[in-house]
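Report on one structure; see the data block that follows.
Residue numbers (our numbering): 110 to 643.
Structure follows, in structure tokens:
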């Protein structure tokens, strides 16, 4: 039976950055050297890494999706601060009695940045290029093709009406249309640029693309014809600064207005600085140690349980997150509905770990080291991945498990995980649609262990779990879905494909002459810097 994916962002899991959870809404600057009414107005945001592609069909990392959030619009978007879809390019929608046909009425007189109209044909084009391999603008490296398998057909029913036919009732469908890969692109621009469209993005969002200097900066300009409230600043500049101290220095000097991914030990410096302030909120994300369940010896659940008992998770979180995270019990953050806190857990118990290893026939020093892959760059789900990897290595050494740590840049880390080269892997995920399905299906269902970009990097497969998740997708009854997701979490607690590590807060720092920067839990940790919050 074919299952409908949860459209997990990506990769959260993807590129090490897959895990921010905040909505930033910028009202603009007040006084000082930034003059939002003048021709030279700009807002500079410093980030830890650069984008990979600005084509929403290819964007599988947070940095790319953040830019896409400014450039594109979708049929629906998440309301500020709430994981509830609201109108964007669609003004209204309806669903058939059997839950398989969705009809959307489009907003009239909206144009792409290149001047072409946003109409039903553009919506059909934006989805068909991803779901139809024979489409002239389909590319084999599109990340999200699998995510649309439940869509049988998209058709224009008039200039401003679009219908989606899906293969069965699917509870998260509308929320999924608010996600980044559902962005509506300019067909003319895609045909013009072809494979290079990701370097020349054209949407209908609050900012339009100006230039991209890889490894340095992306510059966007206010869209003067945006249908909604126009951006409060003329230019938005997103800098790539891998070094955390360099980002903080840029903020202190005024070279940046907002910075992301602060190290925990930098927070006191920001708090004490008269020209800086922090913005933070609980994040609907999880960091975890994935165990490759298809590789020996991790195909034995006793070994996986032994590893879970060997890791001092609470001490790790206290040491690395320094108050910006809490220990994770399972895959669902506590602020995601359906999360359980009463499942079987594996507290630190080295004696129990050694006993399980002995029962599994572990040969100790005779066993080859396990390969632990970790990203070399901090992200919002894990501030110091190299340090976390080192702590885990030492914990496992205490029970007789040798570990080799392999650090890679985020792109190479993700490639290695997709290829299944790891025994153990540090990873993370953010809540991309407000639904437990985003975590449980995307990260742990057997549907997502195959293909060139599997999101289930534990390669975990359990038929019982698979059936339970499928039933939860097909019903729209919230109480029944909660019961099914509770059952799914109990199965995971027994099988232990992961060691859940932490649920962290998202933290940004800004200069005090910035007004209206609001951090709230949201779907993808993305923000529209055009928005104004009173």
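For glycine and all other residues, C-beta sits at the position ideal for the given N, C-alpha and C.
About 6 Å separates the Cβ atoms of residue 172 and residue 159, confirming a contact at the 8 Å cut-off. Looking at the DSSP output, residue 213 shares a beta bridge with 202 and 271. Distance from the Cα of residue 590 is smallest, within the candidate group 599, 265 and 578, for 578. Sixteen is the threshold: when 16 or more other Cβ atoms of the shown chains lie within 10 Å of the Cβ of residue 420, as they do, the residue is buried.
When secondary structure is reduced to three states using DSSP, residue 307 falls in the helix class. Taking 8 Å as the cut-off, the beta carbon of residue 385 is found no closer than this to the beta carbon of residue 551. Counted as a single uninterrupted DSSP element, the alpha helix (DSSP H) harbouring residue 354 occupies residues 353-362.
Listed in chain order, the non-local C-beta contacts of residue 387 below 6 Å within the same chain comprise 379 and 618, local neighbours out to five positions each way being set aside. Residue pairing from DSSP places residue 344 in a beta bridge opposite 151 and 330. Judged by pairs of C-beta atoms under 8 Å, the segment 597-615 touches the segment 392-407, as three or more such pairs exist.
With fewer than three CB-CB distances shorter than 8 Å, the segment 436-450 does not count as touching the segment 495-504. The C-beta separation of residue 364 from residue 153 comes to about 7 Å, placing the pair in contact by the 8 Å criterion. Assigned with DSSP and collapsed to three states, residue 614 falls in strand. Inside the segment 513-574, DSSP marks whole alpha helix (DSSP H) runs of 4 or more residues at positions 519-527 and 546-553, from first to last along the chain.
Sequence-distant partners of residue 408 (beyond 5 residues in either direction) whose C-beta falls short of 7 Å from its own C-beta, in its chain, are 402. In the DSSP assignment, residue 257 falls outside any beta strand (DSSP E), carrying neither H nor E.
Its chain contains 246 as the residues whose beta carbon lies nearer than 7 Å to that of residue 300, once the 5 sequence neighbours on both sides are disregarded; these appear in chain order. Using a Cβ distance threshold of 8 Å, residue 221 and residue 313 count as a contacting pair. Burial state of residue 186 is buried, judged by a 10 Å Cβ sphere holding 16 or more other Cβ atoms.
Residue state for residue 318 is assigned as strand, using DSSP reduced to three classes. Under the DSSP assignment, residue 595 falls outside any beta strand (DSSP E), being part of the alpha helix (DSSP H) whose first and last residues are 587-604. A straight line joining the alpha-carbon of residue 456 with that of residue 418 spans about 6 Å. Of the other Cβ atoms in all chains shown, fewer than 16 fall within 10 Å of the Cβ of residue 325; this residue is therefore exposed. A direct Cα-to-Cα measurement between residue 416 and residue 376 gives close to 32 Å.
Taking residue 359 as reference, the option from 155, 298, 614 and 571 with the minimal CA-CA separation is 155.
For residue 484, the enclosing beta strand (DSSP E) stretches over residues 479-484. Membership of residue 397 in the beta strand (DSSP E) is indicated by the continuous run 394-400. Judged by DSSP in its simplified three-state form, residue 293 adopts coil rather than helix or strand. DSSP links residue 226 through a beta bridge to 220.
In the DSSP assignment, no residue is bridged to residue 245.
Residue 264 counts as exposed, since fewer than 16 other C-beta atoms from the protein chains shown sit within 10 angstroms of its C-beta.
Contact between residue 295 and residue 311 holds: CB atoms are separated by about 4 Å, below the 8 Å threshold. Here residue 477 is exposed, its C-beta having fewer than 16 other C-beta atoms within 10 Å.
Secondary structure note for residue 463: it is in no beta strand (DSSP E), and the uninterrupted alpha helix (DSSP H) holding it is 459-468. With distances taken between CA atoms, residue 556 lies nearest to 571 out of 571, 542 and 545. With a cutoff of 8 Å on beta-carbon distance, residue 601 and residue 553 are scored as near each other.
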